[in-house]
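From first to last, the protein sequence lines are chains S and B. Note that our numbering numbers the first sequence so that position 98 is 98, with each residue one more than the last. Plus 1000 on top of the position in the second sequence (first one is 1) and you've got our numbering. Just so you know, even glycine gets a beta-carbon here, dropped at the ideal spot from N, CA and C. Here is the structure we will look at, set down as structure tokens.
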Amino acid sequence: MRREWVVVGKGPSGLLSASLLLSAGYDVTIVAHGQGSFPLWSGTLDFYSVDQQLRPVAHPGDHRDLLSRYLSYDQWLSGWDTWRQILASIGVETQVDAMGANLLSPTVTGVLYPRYVVPGWQYACPVPEPVTVVSWHGIVDLDLESWAARYQLSSGLEAEIRYRPAPPSWSPRWTALHWAGFFDTEVGMAWLEHDLDEAAVGTNAQYPLLLPQVIGIRGTEKILNRLSLALGRTVKEIPLVAPALGGIRIQERWQRFLVRQGVRLLTGEVILVNNDGVKLADGRMLAGRTVLATGGVLGGGLRVNWDHTVVNTATGEAVLWSGNPEDLPVLSIGGDSSSYDVVGRSSGNWNGDVHGGAGQTLASVLKWWYSLQQEVSLAK
Amino acid sequence: MGAGATGLGVAWDLMLRGVAVIVVDQGDLAHGTSGRFHGLLHSGARYVLTDAVAAGQCQAENLCLRRIAGPYIEDTGGLFAAPPEVPDRLIDQWKQGCRAVNIPVAESVVVKGLNSRWNRVFSVNDGVINGYPLLQALARGIEEGGGRVLTHTRLVGAAEANGKIRKVILESAEGTQELAVDAVVNAAGPWAGEVAALWGDPLPLTLSRGVMVLFSHRQQPQVINRLDMPGDGDILVPHDHISIWGTTDRETALPEAPPPDYQEVIELMERGQEMFPDMGQWRVLRAFTGVRPLYRAPGSGSASTRDISRDFVVVEHPLSGAFSVIGGKWTTFRLMAQQVADRVAGYLHYSTPCQTQSHPLPPRLESFDSSGLAEPFLCECERVSTRQLQQYSGGSLSDLRTRTWFGMGPCQGTFCGHRVAAWQSLRVGVEQSDQELLNFRSERERGMLSALWGDNAVEWLLQRNIRFQGLGEPTK
Ligand SMILES: Cc1cc2nc3c(=O)[nH]c(=O)nc-3n(C[C@H](O)[C@H](O)[C@H](O)COP(=O)(O)OP(=O)(O)OC[C@H]3O[C@@H](n4cnc5c(N)ncnc54)[C@H](O)[C@@H]3O)c2cc1C
Ligand SMILES: Cc1cc2nc3c(=O)[nH]c(=O)nc-3n(C[C@H](O)[C@H](O)[C@H](O)COP(=O)(O)OP(=O)(O)OC[C@H]3O[C@@H](n4cnc5c(N)ncnc54)[C@H](O)[C@@H]3O)c2cc1C
Chain S
1 MRREWVVVGK GPSGLLSASL LLSAGYDVTI VAHGQGSFPL WSGTLDFYSV DQQLRPVAHP
61 GDHRDLLSRY LSYDQWLSGW DTWRQILASI GVETQVDAMG ANLLSPTVTG VLYPRYVVPG
121 WQYACPVPEP VTVVSWHGIV DLDLESWAAR YQLSSGLEAE IRYRPAPPSW SPRWTALHWA
181 GFFDTEVGMA WLEHDLDEAA VGTNAQYPLL LPQVIGIRGT EKILNRLSLA LGRTVKEIPL
241 VAPALGGIRI QERWQRFLVR QGVRLLTGEV ILVNNDGVKL ADGRMLAGRT VLATGGVLGG
301 GLRVNWDHTV VNTATGEAVL WSGNPEDLPV LSIGGDSSSY DVVGRSSGNW NGDVHGGAGQ
361 TLASVLKWWY SLQQEVSLAK
Chain B
1001 MGAGATGLGV AWDLMLRGVA VIVVDQGDLA HGTSGRFHGL LHSGARYVLT DAVAAGQCQA
1061 ENLCLRRIAG PYIEDTGGLF AAPPEVPDRL IDQWKQGCRA VNIPVAESVV VKGLNSRWNR
1121 VFSVNDGVIN GYPLLQALAR GIEEGGGRVL THTRLVGAAE ANGKIRKVIL ESAEGTQELA
1181 VDAVVNAAGP WAGEVAALWG DPLPLTLSRG VMVLFSHRQQ PQVINRLDMP GDGDILVPHD
1241 HISIWGTTDR ETALPEAPPP DYQEVIELME RGQEMFPDMG QWRVLRAFTG VRPLYRAPGS
1301 GSASTRDISR DFVVVEHPLS GAFSVIGGKW TTFRLMAQQV ADRVAGYLHY STPCQTQSHP
1361 LPPRLESFDS SGLAEPFLCE CERVSTRQLQ QYSGGSLSDL RTRTWFGMGP CQGTFCGHRV
1421 AAWQSLRVGV EQSDQELLNF RSERERGMLS ALWGDNAVEW LLQRNIRFQG LGEPTK
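Structure (structure tokens):
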């Protein structure tokens, strides 16, 4: 069995595959030409969180029909544990649903949405509770008054809101990344602590205090803990849209961890795959067995042409599409080629856009991983 | 009846003659074809081979609109490029035709990006019409002159007395109302047949749809036409920073613009790549259709919809005081309005002659330069901040879209839809703004789905993720 692997793509599927390969002692190179979906991803691991009737699904175990297409129930459950452990090892603690109820986490518009595994920085609760939300002028995704009205509609509960002026260095050009960069500095942290002291005056200290998801990239947990201590209440974040800090934090930490462990991380566009490895658009060749974690149409692994032909960008192969838009999110690269494996969104059959991409990531990566292990033991 | 180019044009003309006018539209301004057209201020050169009368009218009105509606016209100039199969004889005929109706033609240099074999290129004085702002200016002018513009109000009936029209019955969210009138002008575009039926004299209309593809970049500084007999897919129009490629001509059943037919879009793209070989790689935004009403004069049995003259007709109905105007072009809306208004003014015994040839339209509303403001954009693609929204507050999300242009850029509302909806919810409540957001989403999605390739396919998937995963919007 070859020891070298090339993982194409650095979205959730690529990094998870790389971690598993690394843990089994393989020599891993990751190559990707773009960021993948992490910078768009709030950081929650969604498992098919609504059913056909759009009712919240409490637990992966409730979806046995979907599950069994991929893995056994036990494999699933241990899989989620494995993923949570990997996240913990890169420094991202997570909360998971308790007693068969999904965690509820409000979106940036104030809708309470069921989630499966939620990173520690994000606000989530098993049953709705009244909250206090503080935000600053200039964070356009979070409109507090409208948020509170919708939160009231979807939970029946109150949201106290405090809208605060932006910090002196703010400019209209600030994105979530600028805010986070500011709070990661000493000056930013001091401003934040002072501002929340004032903002919290007159609010109910029993309520958790929620902030937009801009509280640093590297120091998030440290800052949130410090604020919780100072204010004597839970302080957590509400995820925004893109650039989504939750996903960016996970991706940065994960990549740094992998690189420290000896994984090579390259930027490049794969245009050809064969049994020896891959060829990049700039002419470089990378040797190794290949797994495509190229993310379907959204991730750039598939390209739709004007005449509705679809191409696998990493191999140039044509992929069949019915032409029905509804089939586009579940279009698969087709794993029957002998020269590469396929994981993640590209593996198809699961509409991660609607039902949670993490479920698909986990299922497809684990399925690939188990069959690889079987191959290894047969070879022995 | 109808707040498209024709209806507003007629009202503007009558208002300037001193007639008290009310404009009624079932939707917002430009709800019909006037908001779903190609944007071309015709020089007339497109019609010289088939319809010299229309060509001459276009040229005259082109010059007139530049005078009276300057701020709403972009003087891009236009080119006609002949494909290799077009014989020189046809080109000569075309040039003569242009000269005959005073369209200035000159030889032009070859255009970059154009098929290199299309090397016989001529320039004419085509331009671009900024349709929405022009109609908004007409509406403002009408209101400033004492007229009224009732949008989101539908004509559902008419009442007569002694063979004269006396009342119209209107329906809106506020309920039903009757309006006393002395005359009615049916400028309901593709709906004109239905409207005339309300007073018992339905019109023999044929409807034809045209599909257009929108690209997110201004590919060429000028309008570029195919020099040939008019056909499908032969004009590329630059509009600010985007381009519109079109169009087709297929008979269609209903006045409401149908979603683009994908096969029709592919054919349009195939045609396009004859002219611009790399059109398939251009960043596409969406596709949309518009519907033309063509008046089939009783007795004429023409088979193809393109053979019917683009000329317009004014109909005086048996019911006194009821007029209809059908057909024409955006470019000639003022002329059509004049001819209708002449008859209406005559009927009402107003003797003031038409003023519109020399009376300039109201100036453009100052557009906010938000760059210096300490205010972020809600819509980054089109640079719209809450200041612009406030200027038009009162409308639905879709009204706000066509007035401020939010949600019209490459992301098609992915990143700004929920922001503007949140702003709107403070005015109309969460439930109503959710409903408006849903309408906005499906309108935007409809256009994206009909041009689902390249980065636009990626954008559409991103939009779904953000809506369903990120924002928790309902999936159905
Ligand atoms: C806005 C948004 C929010 C989401 N929110 C959630 C959420 O909250 N919870 C959840 O569970 N799921 C969420 N998802 C879904 C989830 O992110 C995806 O379904 C899934 O994780 C896709 O991961 P992937 O690794 O398969 O692909 P991607 O993350 O798309 O990664 C594809 C990678 O492949 C690379 N690539 C592609 N082609 C080539 C090539 N030819 N050469 C080199 N590199 C190439 C790309 O550059 C990229 O790095 C969200 C998705 C989006 C877009
Ligand atoms: C695909 C296409 C491309 C075109 N491109 C160009 C071009 O590039 N240049 C050019 O000069 N011309 C162009 N035209 C022609 C031009 O767009 C039309 O001639 C013009 O817009 C017609 O305007 P209108 O006011 O007559 O009709 P519309 O704009 O359709 O107005 C009719 C109005 O009546 C309203 N209405 C209907 N029924 C009722 C009712 N019962 N109660 C209340 N209101 C009602 C509708 O809501 C609508 O707003 C194009 C046409 C098409 C179809």
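Heavy atom of ligand 2 within 7 Å of residue i beta-carbon
{"i": "residue 1330(B)", "result": "yes"}
{"i": "residue 1025(B)", "result": "yes"}
{"i": "residue 1212(B)", "result": "yes"}
{"i": "residue 175(S)", "result": "no"}
{"i": "residue 1155(B)", "result": "yes"}
Classification of residue i by the beta-carbon crowding that lies within 10 angstroms, buried from 16 upward
{"i": "residue 79(S)", "result": "buried"}
{"i": "residue 377(S)", "result": "exposed"}
{"i": "residue 1014(B)", "result": "buried"}
{"i": "residue 237(S)", "result": "buried"}
{"i": "residue 258(S)", "result": "buried"}
{"i": "residue 307(S)", "result": "exposed"}
{"i": "residue 150(S)", "result": "buried"}
{"i": "residue 3(S)", "result": "exposed"}
{"i": "residue 1254(B)", "result": "exposed"}
{"i": "residue 267(S)", "result": "exposed"}
{"i": "residue 7(S)", "result": "buried"}
{"i": "residue 375(S)", "result": "exposed"}
Contact under 8 Å by Cβ, residue i with residue j
{"i": "residue 1001(B)", "j": "residue 1007(B)", "result": "yes"}
{"i": "residue 9(S)", "j": "residue 295(S)", "result": "yes"}
{"i": "residue 1035(B)", "j": "residue 1075(B)", "result": "no"}
{"i": "residue 351(S)", "j": "residue 319(S)", "result": "no"}
{"i": "residue 1321(B)", "j": "residue 1347(B)", "result": "yes"}
{"i": "residue 1131(B)", "j": "residue 1030(B)", "result": "yes"}
{"i": "residue 1186(B)", "j": "residue 1079(B)", "result": "no"}
{"i": "residue 290(S)", "j": "residue 311(S)", "result": "no"}
{"i": "residue 1311(B)", "j": "residue 1053(B)", "result": "yes"}
{"i": "residue 28(S)", "j": "residue 263(S)", "result": "yes"}
{"i": "residue 361(S)", "j": "residue 16(S)", "result": "yes"}
{"i": "residue 334(S)", "j": "residue 364(S)", "result": "no"}
Check: residue i C-beta below 7 Å from any heavy atom of ligand 1
{"i": "residue 33(S)", "result": "yes"}
{"i": "residue 217(S)", "result": "no"}
{"i": "residue 84(S)", "result": "no"}
{"i": "residue 1466(B)", "result": "yes"}
{"i": "residue 358(S)", "result": "yes"}
Amino acids of chain B, ordered along the chain, whose beta-carbon sits closer than 9 Å to that of residue i
{"i": "residue 307(S)", "result": "1266, 1269, 1270, 1280, 1453"}
{"i": "residue 42(S)", "result": "1469, 1470"}
{"i": "residue 212(S)", "result": "Correct list: empty, because the minimum Cβ distance to chain B is about 13 Å."}
{"i": "residue 304(S)", "result": "1452, 1453, 1454, 1456, 1457, 1458"}
{"i": "residue 46(S)", "result": "1469"}
Chain-ordered neighbours of residue i on chain B, where CB pairs are closer than 8 Å
{"i": "residue 377(S)", "result": "By Cβ distance, chain B contributes nothing, its closest Cβ being about 37 Å from residue 377(S), past 8 Å."}
{"i": "residue 298(S)", "result": "1458, 1461, 1462, 1465"}
{"i": "residue 140(S)", "result": "1376, 1377, 1378, 1419"}
{"i": "residue 329(S)", "result": "1461, 1464"}
{"i": "residue 354(S)", "result": "1464, 1468, 1469, 1475"}
{"i": "residue 195(S)", "result": "Simply none; closest approach about 18 Å."}
Under 7 Å by beta carbon: chain B residues contacting residue i
{"i": "residue 371(S)", "result": "Result: empty, since nearest Cβ-Cβ is about 28 Å, beyond 7 Å."}
Contacts of residue i in chain S (Cβ-Cβ under 8 Å)
{"i": "residue 1415(B)", "result": "241, 242"}
{"i": "residue 969(B)", "result": "Past the edges of chain B, shown from 1001 to 1476, lies residue 969(B), and the structure says nothing about it."}
(request) Mind checking the region 1198-1216 of chain B against chain S and listing, in chain order, the residues whose C-beta falls within less than 7 Å of any C-beta there? (result) none
(request) For the region 307-324 of chain S, enumerate the residues whose C-beta is nearer than 8 Å to any C-beta of chain B, in chain order. (result) 307, 308, 323
(request) Could you name the residues of the region 146-179 of chain S whose beta carbon sits closer than 7 Å to any beta carbon of chain B, in the order they occur along the chain? (result) 146, 149, 150, 153, 172
(request) Please name the residues in the region 1463-1474 of chain B whose beta-carbon is closer than 7 Å to at least one beta-carbon of chain S, in chain order. (result) 1464, 1465, 1466, 1468, 1469, 1470, 1471, 1472
(request) Name, going along the chain, the residues of the region 98-117 of chain S whose beta-carbon falls closer than 7 Å to a beta-carbon of chain B. (result) 107, 108, 109, 111, 113
(request) Can you give me, in chain order, the residues of the region 1418-1438 of chain B that have a beta carbon less than 9 Å from any beta carbon in chain S? (result) 1418, 1419, 1421, 1422, 1423, 1424, 1425, 1426, 1429, 1430, 1431, 1433, 1434
(request) Please name the residues in the region 1219-1242 of chain B whose beta-carbon is closer than 8 Å to at least one beta-carbon of chain S, in chain order. (result) none
(message) By the 8 Å beta-carbon criterion, what residues does the region 254-286 of chain S contribute toward chain B?
(response) none
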